[in-house]
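Novice: Quick one: the structure is below, and I'll ask about it shortly.
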């Protein structure tokens, strides 16, 4: 690990993102059996904005609206009226309901003849992937939420230092977010100490950074030599405090908090890598005198932000 | 700025914070909120007031207790002092301006990680008595407030066609209200201040804004 150069490690980041995109496609989908009465609802998912697609293992005999009961996961006693039923080939049935549905919510569907039922919920992996991609690309902390700018502009002059910073930041981000999540869930929330959030989280962040610095110095001196300089800078990065605050505000579960931390860290790595590459090229450009230094860097960040707006169309739960 | 040097006068300290060492345009410190909340003048104003209050209160607190802080633990102590005042200001704003707070709430909490505040404590308030520290904090806070209001006015006028909610221009350029527009606005304003500064100093070589990075 010590001789793994940061620049080479960064080349794997886009690969990892592509691999994550491909993951849902690898899930095995059971083939529907032909003939007979259906024994199970094989698959159920929400189609925006008000339709639900059910996949039975055999064609369904009764496809009138009265045969289905559709409820929200949070209100199982109040059924949502089914307005239209459309059966497709291979035992698939599409229900249209009188309410706008959200792909990230949980619903429950019951069939009275034959008696079958199933939860309609996005898979946990899908949810985590959404949180991850949203924090890394769609709501990139640097380009759309403007956080961590001090370090983003300060450490993006050379690719090598930028990538070192990005990797250290991602690792520390995961550690601090996990400890802050634990403190928030097990200490602050049970004792209604929410008003101490700022004070406690900044303390947690500082303590974790100090701890990692000491640990790394003793156990992996070579690694500390490479990445130690960035560790102390990290406490002044607003993202490191913003992620615990966002997690606490959303009452995130542990996996959600983890994927938000990982996504925001990798998003920062991506942003600072792109920026440093562009700034190295700009050394050769002739910039107007008044724009030298930070102003042109801001204009550059603006162009990147414009490009990142394209990611806002990404929606995986559709 | 050693212990023996006489502290500058209050007026000089104020002008220094607003012009020569303006936190946003000259020192390029604490930029995150400067881009994030400045879509309108009012948002810029409320965050500017919060920073001003935190800066003055922390400077005064540190100046009062500076004799009692051991140099080796000074940074954690400063952080705790700032965090306490940020929590207080955060709750005050949430109670009195709930509508505005809903938009800038996260950034008010993040004041605790602002480099500008802790750097003023380290550079100035930990070495100077109460009164100069107060004026230094006031100058820096006002400089930050003015910068935020300037950027906010620029972006609201161009992006929304209004000033403090009063419609002025019929066909605004939505671009400036978007995230990317925030970056471009700061680039243009910084270049503008650089230009003025170069003209004022008669072309004499002065470091460009943001030449020094302090985290």
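Chains as they are written, first to last, in the working numbering: chain R, 256 to 573; chain X, 151 to 365.
From the three backbone atoms N, C-alpha and C, an ideal C-beta is built for every residue, glycine too.
1. Look up residue 316 of chain X in the DSSP assignment and give the residues it is bridged to.
2. When you compare only the Cα positions, how much space is there between residue 319 of chain X and residue 345 of chain R?
3. Is DSSP giving residue 333 of chain R helix, strand or coil here?
4. Tell me which residue opens and which closes the beta strand (DSSP E) that residue 311 of chain R is part of.
5. Kindly indicate which three-state DSSP category residue 256 of chain R falls into: helix, strand or coil?
6. Who does residue 326 of chain R pair with in a DSSP beta bridge?
7. For the ligand MN, I want to know if residue 258 of chain X counts as a neighbour, meaning its beta carbon is within less than 7 Å of at least one of the ligand's heavy atoms.
8. Taking the alpha helix (DSSP H) that residue 224 of chain X falls in, what are its first and last residues?
9. Taking contact to mean 3 or more Cβ pairs, one atom from each stretch, closer than 8 Å, check whether the region 453–460 of chain R and the region 431–439 of chain R are in contact.
10. In terms of residues, what are the limits of the alpha helix (DSSP H) holding residue 266 of chain X?
11. According to DSSP, which residues form a beta bridge with residue 372 of chain R?
12. Taking 8 Å as the threshold (beta carbon to beta carbon), is residue 334 of chain R in contact with chain X?
13. Scan the region 397–408 of chain R for residues whose Cβ lies nearer than 8 Å to a Cβ of chain X and list them as they occur along the chain.
14. Between which residues of its own chain and residue 420 of chain R is the CB-CB distance below 8 Å, once the five residues before and five after are set aside?
15. Should residue 280 of chain X and residue 201 of chain X be called a contact, given that it needs their Cβ atoms to be closer than 8 Å?
16. Between the beta-carbon of residue 311 of chain R and the beta-carbon of residue 297 of chain R, is there less than 8 Å?
17. Can you pull out the residues from the region 456–477 of chain R whose beta carbon lies closer than 8 Å to at least one beta carbon of chain X?
18. Per DSSP, which residues does residue 300 of chain R bridge with? Please list them.
19. Could you tell me the distance, in whole angstroms, from the CA atom of residue 247 of chain X to the CA atom of residue 386 of chain R?
20. Any beta-carbon of chain R closer than 8 Å to the one on residue 332 of chain X?
21. Flag this pair as yes or no: are the beta carbons of residue 352 of chain R and residue 340 of chain R separated by less than 8 Å?
22. Buried or exposed: where does residue 235 of chain X fall if 16 or more other Cβ atoms within 10 Å of its Cβ makes it buried?
23. Report, in whole angstroms, the separation of the C-beta atoms of residue 166 of chain X and residue 289 of chain X, which I expect to be a contact under 8 Å.
24. Any residues in the region 554–567 of chain R with a beta carbon nearer than 9 Å to a beta carbon of chain X? Which ones, in chain order?
25. Can a CB atom of chain X be found closer than 8 Å to the CB of residue 414 of chain R?
26. Within 8 Å of any Cβ in chain R, is that where the Cβ of residue 345 of chain X sits?
27. Can you give me the C-alpha to C-alpha distance between residue 338 of chain R and residue 322 of chain R, rounded to a whole angstrom?
28. Looking at the unbroken alpha helix (DSSP H) that takes in residue 350 of chain R, where does it start and where does it end?
Specialist: Once the coordinates are examined:
1. Taking the first residue of the second chain as 1, we reach residue 316 of chain X at position 166. Paired residue(s): X:313.
2. Within the second chain, residue 319 of chain X is the residue found at index 169, counting from 1. Within the first chain, residue 345 of chain R is the residue found at index 90, counting from 1. Distance between the alpha carbons of residue 319 of chain X and residue 345 of chain R is about 58 Å.
3. Residue 333 of chain R sits at position 78 when you count from the first residue of the first chain. If DSSP states are grouped into helix, strand and coil, residue 333 of chain R belongs with the strands.
4. Indexing the first chain from 1 puts residue 311 of chain R at position 56. For residue 311 of chain R, the enclosing beta strand (DSSP E) has its first and last residue at 306–311.
5. Along the first chain, read from residue 1 onward, the residue named residue 256 of chain R stands at position 1. The predicted model places residue 256 of chain R with a pLDDT of 41, which falls under 50 and marks its position as unreliable; any figure quoted below should be read in that light. It is coil, neither helix nor strand.
6. Here residue 326 of chain R refers to the residue found at position 71 of the first chain. Beta-bridge pairing links residue 326 of chain R to R:334 and R:363.
7. Looking at this structure, you won't find the ligand MN or any other ligand, since it has none at all.
8. As a position in the second chain, residue 224 of chain X is number 74, starting the count at 1. Residues 224–246.
9. These segments touch.
10. Taking the first residue of the second chain as position 1, residue 266 of chain X is located at position 116. Unbroken alpha helix (DSSP H) run through residue 266 of chain X: 265–270.
11. Locating residue 372 of chain R in the first chain gives position 117, counting from the first residue. Residue 372 of chain R pairs with R:365.
12. Position 79 of the first chain, counted from the start, is the residue given in the question as residue 334 of chain R. No, no contact with chain X.
13. Here the close residues are 398, 399, 400, 401, 402, 403, 404, 405, 406 and 408.
14. Reading the first chain from its first residue, position 165 is the one you call residue 420 of chain R. Same-chain partners within the cutoff: 406, 410, 485, 488 and 527.
15. The residue given as residue 280 of chain X occupies position 130 in the second chain. The residue given as residue 201 of chain X occupies position 51 in the second chain. Cβ distance not < 8 Å, so residue 280 of chain X and residue 201 of chain X don't count as in contact.
16. Against the first chain, residue 311 of chain R aligns to sequence position 56. Against the first chain, residue 297 of chain R aligns to sequence position 42. Between residue 311 of chain R and residue 297 of chain R, the CB-CB gap stays under 8 Å.
17. Against chain X - using a Cβ distance shorter than 8 Å - the residues of the region 456–477 of chain R are 457, 458 and 461.
18. Numbered from its first residue, the first chain carries residue 300 of chain R at position 45. DSSP, once it has assigned bridges, lists R:308 as partnering residue 300 of chain R.
19. Residue numbering aside, residue 247 of chain X sits at position 97 when the second chain is read from its first letter. Residue numbering aside, residue 386 of chain R sits at position 131 when the first chain is read from its first letter. Separation of residue 247 of chain X and residue 386 of chain R (C-alpha to C-alpha, rounded to the nearest whole angstrom) is 31 Å.
20. For the purposes of this step, residue 332 of chain X is taken as residue 182 along the second chain, with counting starting at 1. Yes, residue 332 of chain X lies at the interface with chain R (some Cβ there is under 8 Å from its Cβ).
21. Sequence index remark: in the first chain, residue 352 of chain R carries index 97 (1-based). Sequence index remark: in the first chain, residue 340 of chain R carries index 85 (1-based). In this structure, residue 340 of chain R does not lie closer than 8 Å to residue 352 of chain R by Cβ.
22. Looking up residue 235 of chain X in the second chain gives position 85. Buried is the label assigned to residue 235 of chain X, since at least 16 other Cβ atoms lie within 10 Å of its Cβ.
23. The residue you call residue 166 of chain X lines up with position 16 of the second chain. The residue you call residue 289 of chain X lines up with position 139 of the second chain. The Cβ separation is near 6 Å, so the contact holds.
24. Of all residues in the region 554–567 of chain R, 554, 555, 556, 557, 558, 559, 560, 561, 562, 563 and 564 have a Cβ within less than 9 Å of some Cβ in chain X.
25. Here the question's residue 414 of chain R lines up with position 159 in the first chain. By the rule that beta-carbons nearer than 8 Å mark a contact, residue 414 of chain R does not touch chain X.
26. Sequence index remark: in the second chain, residue 345 of chain X carries index 195 (1-based). True, the Cβ-Cβ gap to chain R drops below 8 Å.
27. Numbered from 1 along the first chain, position 83 holds the residue referred to as residue 338 of chain R. Numbered from 1 along the first chain, position 67 holds the residue referred to as residue 322 of chain R. Residue 338 of chain R and residue 322 of chain R have their C-alpha atoms spaced approximately 12 Å apart.
28. Residue mapping note: residue 350 of chain R aligns to position 95 of the first chain, counting from 1. Going by DSSP, residue 350 of chain R is part of no alpha helix (DSSP H) but of the beta strand (DSSP E) stretching over 347–352.
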